[in-house]
Amino acid sequence: MKKLLVLLFAVFAISFSSNAQKFAFVDSEYILENMSEYRDAQDLLDKLSLDWQKEIEAKFAEIDKMYKDYQADAVLLPEDIKKKRQDEIVAKEKEAKDLQKKRFGKDGDLFKKRQELIKPIQDKVYDAVESIANASGLAVVFDKSGSTTMLYANSKNDRSDEVLEKLGYKPGAIKTNDGKGDKDEE
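In this note's numbering, the protein residues as written are 10 to 195.
Dropping the structure here:
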């Protein structure tokens, strides 16, 4: 009985190892950081975000001034004028909050612009990864940046530089924490 179990285990191990799938990983953050079009898109998004934030802050500063002026004048104002100024402040505050939601909300301008600029770049990276995986006979390619956790990754399986080359970029232009490239552009 013992010999039969050992034999079955050996047959199972041999058949499993002969059908072993090939795995590799890429670092999408490293790939994107080495793509000038991604950096340009990210710079544009950062600039838009900053401009829109300043616009919103200016509206809230105006509201704050209106409120302080109202507080200073409130003692001397008749009730109907007080009510009118309160309504103006509330309306301006609603307008500023609506603008903030329009710019930075769930489906706001920043989200839409990010989709417009970044998604095509991500699609190009995915297509390059898929092409390399098919050409190399890889069953699975993991992305080691982001939420995927790997306890061990042999660097010989890293296909990030291959993806960059497939996209027409020079690998190693920017270094990441794992020693690839150099943070300063060459």
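Cβ atoms here follow ideal geometry from the backbone N, Cα and C, with glycine treated the same way. As the structure is a prediction and not an experimental result, all values here were calculated from the model.
- For A33, the secondary structure class from DSSP, reduced to helix, strand or coil, is strand.
- The three-state secondary structure of D60, taken from DSSP, is helix.
- Assignment of beta-bridge partners to D167 by DSSP yields F34.
- In the structure shown, D152 falls within a strand segment according to DSSP collapsed to helix, strand and coil.
- Contact between I130 and E42 does not hold, since the beta-carbon distance rounds to 12 Å and is not under 8 Å.
- Annotation: the continuous alpha helix (DSSP H) that includes N143 extends over 118-145.
- V149 is positioned such that its CB atom lies no closer than 9 Å to that of I40.
- Per DSSP, V84 is not a residue of any alpha helix (DSSP H), being assigned neither H nor E.
- In the three-state scheme derived from DSSP, where H, G and I count as helix and E and B as strand, A100 is classed as helix.
- Judged by DSSP in its simplified three-state form, K115 adopts coil rather than helix or strand.
- It is roughly 27 Å from the alpha-carbon of D89 to the alpha-carbon of D107.
- In the displayed model, I40 falls within a helix according to three-state DSSP.
- The residue from K179, E102, Y135, K63 with its alpha-carbon nearest to that of I72 is E102.
- In the pairwise beta carbon analysis, the region 117-129 is classified as touching the region 46-66: at least three pairs are separated by under 8 Å.
- Taking 9 Å as the cut-off, the beta carbon of A33 is found closer than this to the beta carbon of N166.
- A direct Cα-Cα distance of roughly 30 Å separates V84 from I65.
- Non-local beta-carbon contacts of Y79 in its own chain, meaning distances under 6 Å to residues more than five positions away in sequence, involve R94 in chain order.
- Assigned with DSSP and collapsed to three states, K179 falls in coil, not helix or strand.
- By the CB criterion at 9 Å, K111 and L53 fall outside the cutoff.
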